[in-house]
Amino acid sequence: MQHFASDNYAGICPEALEALIAANGSGHEPAYGDDSWTQRVCDRLRDLFQTDCEVFFVFNGTAANSLALASLCQSYHSVICHELAHIETDECGGPEFFSNGSKLLTAPGVNGKLTPDAIEAVVTRRADIHYPKPKVVTLTQSTEVGTVYSVEEVRAIAAIAKRRHLKVHMDGARFANAVAALDVHPSEITWRAGVDVLCFGGTKNGLPVGEAVVFFDRALAEDFAYRLKQAGQLASKMRFISAPWLGLLDHDVWLRNARHANAMARLMQTRLADIPGVSIMFPSQSNAVFAQLPAHAAKAMRNRGWRFYEFIGAGGCRLMCAWDTQPETVERFAADVRQLCTHA
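So for the sequence shown, my numbering puts the first residue at 128; every next one is plus one.
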């Protein structure tokens, strides 16, 4: 049975699995990222982004975000993020821990998005020696509520960041879904728009494990490998984390997967939107749908075996679609909701 709790419920897509098996069958390789597979993937990512970026691989998104932010901050610095940002609500203090105390300063924003005005308000709130000095602004693409920053919005945030001498970090756990939604080249919403470092998610888009930390400003990556080692993120058999990326990157499988997940979310939104008693909380621009269901319906859906989260983001029921979500599963879920709402 397929579920909608998270896109990381899905398995490995065939192309990623094939690449993993190929790496396993290629014999002995050097350890700790010096293998040929990891080098090939790094080169493919440089080709993808059309720039000479520095690339590292970690096990999960919390490590990617925490260690990337730690490389941008000293302990007396602060990171500006949206109040619903994953680094604020779902990383157990990881960013603060790995930066030895950098404080997260949150700002509100409609549809899960930071704005230049919100960033300016945080930066100018205080500037005295007793307050943590703002150093980084981070945005999530796509956001925690399933919306997507446009190219213009990313550029505007990067512009205020540059004016205020802030680095720009992008939490791209669902970066592929954002690129697919915007139908732009990935460079247009990253380094060409002013992003310094991207945490590029793969686990939610068909990989077995692993995220890529991509430094567009290579100077910021100095000693990052030491951070990985110290944090227990330097895999000895790195090729088994990196190789599946070839399966995603070759023939644009990463975009195919993301487009499918996005399409399933649009279908879910369409089916739920006309059910009495159900309201859509945010525009579904990527692979997430946030819907407010009557309490009795949400409880009954769980009793029927459906899994979804109600504690993430701004509340309501979060429904995540994955690379392998089937239209029939969406239709069956929506039909159950309709039945419960119309026969209460």
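For each residue, glycine too, the CB sits at the ideal point set by N, CA and C.
*Expected contact under 8 angstroms - CB spacing of residue 375 and residue 404 to nearest Å*: Between residue 404 and residue 375 the Cβ distance is about 39 angstroms, and since that is not below 8 angstroms, they are no contact.
*asked:* In chain order, what are the residue ranges of uninterrupted beta strand (DSSP E) at least 3 long that sit wholly in the segment 299 to 340?
replied: Qualifying beta strand (DSSP E) stretches, in chain order: 324 to 328.
*In chain order, what residues of the same chain lie with their CB nearer than 6 angstroms to the CB of residue 416, ignoring the 5 residues before and after it?*
Taking C-beta separations shorter than 6 angstroms and ignoring five residues to either side along the sequence, the partners of residue 416 in its chain run 392, 395, 396 and 446, following chain order.
_Between the segment 144 to 153 and the segment 344 to 355, can you find at least three pairs of beta-carbon atoms closer than 8 angstroms?_
With the cut-off at 8 angstroms, the segment 344 to 355 and the segment 144 to 153 do not touch.
*Would a check of beta-carbon distances place residue 347 closer than 8 angstroms to chain B?*
The displayed structure is made up of one protein chain only, and chain B is not part of it.
*Report the rounded CA-to-CA distance for residue 369 versus residue 423, giving the unit in angstroms.*
If you take the alpha carbons of residue 369 and residue 423, they lie about 45 angstroms apart.
*Since residue 261 is in the beta strand (DSSP E), which residue starts that stretch and which ends it?*
Counted as a single uninterrupted DSSP element, the beta strand (DSSP E) harbouring residue 261 occupies residues 260 to 267.
*Nearest neighbour of residue 342, chosen from 377, 470, 412 and 195 [CA to CA]*: The residue with the shortest Cα to Cα distance from residue 342 is 195.
*Beta-ladder partner(s) of residue 196, from DSSP*: None; residue 196 has no bridge partner.
_Under the three-state DSSP convention, the category residue 136 falls into_ = Reduced to three states, the DSSP call for residue 136 is helix.
*Would you check if the distance between the CB atom of residue 306 and the CB atom of residue 248 is smaller than 8 angstroms?*
No; because the gap between Cβ atoms is not below 8 angstroms, this pair is not in contact.
*Mind checking which residues open and close the alpha helix (DSSP H) that includes residue 292?*
Here residue 292 belongs to no alpha helix (DSSP H), and DSSP marks it neither H nor E.
_Suppose you measure from the CA of residue 321 to the CA of residue 412; what does that come to, to the nearest Å?_
Taking C-alpha positions only, residue 321 is separated from residue 412 by approximately 22 angstroms.
*Mind pulling the beta strand (DSSP E) runs of 3 or more residues that sit fully within the segment 338 to 407?*
The segment 338 to 407 contains these whole beta strand (DSSP E) runs: 338 to 342.
*CA-CA distance, residue 407 and residue 443?*
Spanning the two alpha carbons is a distance of roughly 9 angstroms.
*State the DSSP-derived secondary structure class of residue 434, mapped to helix, strand or coil.*
Residue state, collapsed to three classes: coil.
*Local Cβ density within 10 Å of residue 138, reported as buried at 16 or more and exposed below that*: Residue 138 should be labelled exposed.
_For residue 208, the residue or residues it bridges with in DSSP_ = According to DSSP, which records beta bridges pairwise, residue 208 is partnered with 233.
_Spatial neighbours of residue 311 within its chain, please: C-beta separation below 8 angstroms, excluding the five flanking residues on both sides._
Cβ neighbours of residue 311 beyond the five flanking positions: 278.
*Can you tell me the Cα-Cα spacing of residue 276 and residue 239, whole angstroms?*
So the alpha carbons of these two residues sit roughly 10 angstroms apart.
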